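Going by this note's numbering, 49 is the number at position 49 of the sequence shown; the sequence numbering is gapless. This report refers to the structure that appears directly beneath it.
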Amino acid sequence: MSDIFPVFHKLLGRSERETLLKQKGIVIWMTGLSASGKTTLAIGLEKTLHQMGHLCYVLDGDNVRTGINNNLKFSEEDRKENIRRVAEVSKLFVQCGVITINSFVSPTNELRDMAKSIIGADDFKLVYVNTPIEVCEQRDSKGLYAKARRGEIKDFTGINAPFDTPISPDLEIKTDQHTFEENLKVLVDFVVPKIKA
């Protein structure tokens with residue numbers, strides 16, 4: 001590492017980029033079980049903020065694994081590396097003033113804390129999409145829960161791998177108790193004050 005010479009001090013500052021975009025960069029980190037509704041809400045949030053004139057980008061577990069993380073499997077070590085890389089990319093986006101909306105199961109408090117540490121506590125907002133596993137299984141269009149229950153998928157979160165309930169999320173959304181439109185409004189109302197330049 002002794003032959004690396006960072007040039008961060010020579011680059012434009014974050015405030016200059018945020019002034020140009022008329023918004024503050026932030027990471028909205030959405031966690032929850034598979035099929036809890038994270039990605040649907042993330043896409044809805046992105047579309048709504050875009051219509052309001054904001055530059056956003058959604059990072060989603062499936063999409064990220066087709067590109068930057070396509071060499072990772074689902075071992076504990078690879079899951080940790082998956083989240084680490086996503087957090088590092090998110091940090092770069094935030095430095096550019098981009099509102100970054102992340103949708104990842106990120107099942108343990110340890111993984112979420114690592115992401116928060118990399119991104120920075122001030123720029124990291126944890127949204128817990130709290131949906132009972134029974135509802136997630138009913139919604140599961142990919143059939144992953146059924147495969148996990150048959151033993152075809154090992155270490156599947158919620159079935160044979162743990163999901164830690166977030167200790168103190170910045171926002172909790174219970175998708176089984178409200179409509180998508182109601183949940184999206186709550187999410188938008190939560191985000192908008194935090195991105196005003």
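Just so it is clear, CB atoms sit at the ideal spot from N, CA and C, and this is done for glycine as well. Small disclaimer: the values here were computed from a predicted structure and weren't measured.
May I have the straight-line CA-CA distance separating residue i from residue j, to the nearest angstrom?
i	j	result
Tyr57	Val98	7 Å
Ile118	Lys91	7 Å
Ala161	Cys96	36 Å
Ser141	Leu12	44 Å
Cys136	Leu41	15 Å
His50	Ala115	25 Å
Asn102	Glu88	12 Å
Ser34	Ala197	34 Å
Glu110	Arg79	12 Å
Ser75	Asp62	16 Å
Gln138	Ser106	21 Å
Val192	Gly151	43 Å
Asp15	Trp29	The residue asked about is misnamed: residue 15 is Ser in this sequence, not Asp. Rounded to the nearest angstrom, the two C-alpha atoms are 22 Å apart.
Leu126	Gly32	11 Å
Would you identify the three-state DSSP class for residue i, choosing helix, strand or coil?
i	result
Val98	coil
Leu212	Residue 212 is absent from the model: the chain starts at 1 and stops at 197.
Ser106	coil
Lys154	coil
Ile167	coil
Leu59	strand
Ile26	strand
Lys91	helix
Phe124	strand
Ala197	coil
Ile68	coil
Which same chain residues end up closer than 6 Å to residue i when comparing Cβ atoms and leaving out the 5 residues on each side of it in sequence?
i	result
Phe156	Ala148
Thr108	Asp164
Asn130	Glu172, Lys174
Ser36	Val129, Thr131, Cys136
Looking only at its chain, what residues have a beta carbon closer than 7 Å to the beta carbon of residue i, apart from the 5 residues adjacent to it on each side?
i	result
Arg17	Cys96, Gly97
Asn69	Asn82, Arg85
Glu77	none
Val94	Gly25, Ile26, Val27, Thr100, Ile119, Asp123
Asn183	Leu41, Ile173, Thr175
Ile153	Leu144, Lys147
Ile167	Asn109
Asp170	Lys125, Leu126, Val127
Leu46	The sequence as given places Glu at residue 46; Leu does not occur at that position. Hits under 7 Å: Cys56, Val58, Ile101.
Counting only the same chain and skipping the five closest in sequence on each side, list residues whose C-beta sits under 8 Å from that of residue i.
i	result
Leu20	Gly97
Leu55	Leu21, Gln23, Gly97, Val98, Ile99
Thr48	Leu184, Val188
Can residue i and residue j be called in contact, C-beta distance under 8 Å?
i	j	result
Arg128	Glu181	Residue identity differs from the one stated: residue 128 is Tyr in this sequence, not Arg. No; because the gap between Cβ atoms is not below 8 Å, this pair is not in contact.
Gln23	Ile133	no
Leu72	Arg65	yes
query: Would you say the segment 180 to 195 touches the segment 34 to 48, given that touching needs at least three Cβ pairs under 8 Å?
result: yes
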